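**Student:**
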Amino acid sequence: MSKAIETKQVQVKEIAEKFQAAASVVVVDYRGLNVAQVTELRKQLREAGVEFKVFKNSLTRRATESVGFEALNEHLTGPNAVAFSTEDVVAPAKIINDFAKKNEALEIKAGIIEGTVASAADVKALAELPSREGLLSMLLSVLQAPMRNFALATKAVAEQKEEQGA
64 MSKAIETKQV
74 QVKEIAEKFQ
84 AAASVVVVDY
94 RGLNVAQVTE
104 LRKQLREAGV
114 EFKVFKNSLT
124 RRATESVGFE
134 ALNEHLTGPN
144 AVAFSTEDVV
154 APAKIINDFA
164 KKNEALEIKA
174 GIIEGTVASA
184 ADVKALAELP
194 SREGLLSMLL
204 SVLQAPMRNF
214 ALATKAVAEQ
224 KEEQGA
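For what it's worth, our numbering labels the leading residue of the sequence shown as 64, then goes sequentially.
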């Protein structure tokens, strides 16, 4: 076997391992971004613990086929970059979506969210969700509402009793 084929097989295996280990993956078309913009995007993603790589589409297709994400292959045309996050499911979608709002040249093509191939609309919907802290604060306010209402009702009853007694 030639060296080139062996090298490509190793690369396909590495890409497949990244797909398997990732909690979420976002595929973007970065055509039209200049070097400074791509550098800024990479910096933001790196700070969030997200790996942002450019691979040959043919190698990426083989990797997706080997791990069962063949549905992603239809989006692997033209220059693509792939963002892998092993920990935070929302981080790559949120960062890339925010960056795409400021830089119209960046286009979200598709993604993988917890083992399921997702469309660009699904990735954008995930990005629009509030953060974990925001969701927890919403839950806390919902849990506190009945107690607050009960306390207000008891206070109103107590005030009414005082007025009647006075």
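We put the beta carbon where it would ideally sit given N, CA and C, even for glycine.
Everything numeric in this text was worked out from a predicted model, so none of it was measured.
(1) So within the stretch 76–118, which uninterrupted beta strand (DSSP E) runs reach at least 3 residues, ignoring any that extend past its ends?
(2) Can you tell which of 130, 183 and 77 has the C-alpha that lies nearest to the C-alpha of residue 61?
(3) For residue 90, tell me which candidate among 191, 211 and 174 has the shortest Cα-Cα distance.
(4) Using the three-state DSSP reduction, which class does residue 152 fall into: helix, strand or coil?
(5) How long is the line joining the alpha carbons of residue 92 and residue 202, rounded to whole angstroms?
(6) Taking 8 Å as the cut-off, does the stretch 191–201 touch the stretch 209–223 (at least 3 CB pairs, one atom from each stretch)?
(7) Contact between the stretch 68–86 and the stretch 108–123 is defined here as three or more beta-carbon pairs at a separation below 8 Å; is this criterion met?
(8) What's the gap between the Cα of residue 112 and the Cα of residue 134?
(9) Here's the rule: buried if 16 or more other CB atoms are within 10 angstroms of the residue's CB, otherwise exposed. What is residue 209?
(10) Nearest-angstrom Cα distance between residue 176 and residue 69?
(11) Alpha carbons only, please: which of 130, 205, 88 and 224 is nearest the one belonging to residue 152?
(12) Quick one: give me the first and last residue of the alpha helix (DSSP H) that residue 170 is part of.
**Tutor:** On the basis of the coordinates in this document:
(1) Taking only runs of at least 3 residues, the beta strand (DSSP E) segments lying wholly in the stretch 76–118 are 87–92 and 113–116.
(2) Since the first and last residues shown for the chain are 64 and 229, residue 61 lies out of range.
(3) Counting from 1 along the sequence shown, the entry for residue 90 is found at position 27. Nearest C-alpha to residue 90: 174.
(4) Within the sequence shown, residue 152 is the residue found at index 89, counting from 1. Residue 152 falls in the coil class under three-state DSSP.
(5) Here the question's residue 92 lines up with position 29 in the sequence shown. Here the question's residue 202 lines up with position 139 in the sequence shown. Taking the straight line from one Cα to the other gives about 36 Å.
(6) With the cut-off at 8 Å, the stretch 209–223 and the stretch 191–201 do not touch.
(7) The stretch 68–86 is in contact with the stretch 108–123.
(8) Locating residue 112 in the sequence shown gives position 49, counting from the first residue. Locating residue 134 in the sequence shown gives position 71, counting from the first residue. Taking the straight line joining both Cα atoms gives about 26 Å.
(9) The count along the sequence shown starts at 1 and reaches residue 209 at position 146. Result: exposed.
(10) Counting from 1 along the sequence shown, the entry for residue 176 is found at position 113. Counting from 1 along the sequence shown, the entry for residue 69 is found at position 6. So the two alpha carbons sit approximately 31 Å from each other.
(11) In the sequence shown, the residue the question calls residue 152 occupies position 89. Comparing Cα-Cα distances from residue 152 to each of 130, 205, 88 and 224, the minimum goes to 88.
(12) Position 107 of the sequence shown, counting from 1, holds the residue named residue 170. Residue 170 -> not in any alpha helix (DSSP H); beta strand (DSSP E) instead, spanning 170–176.
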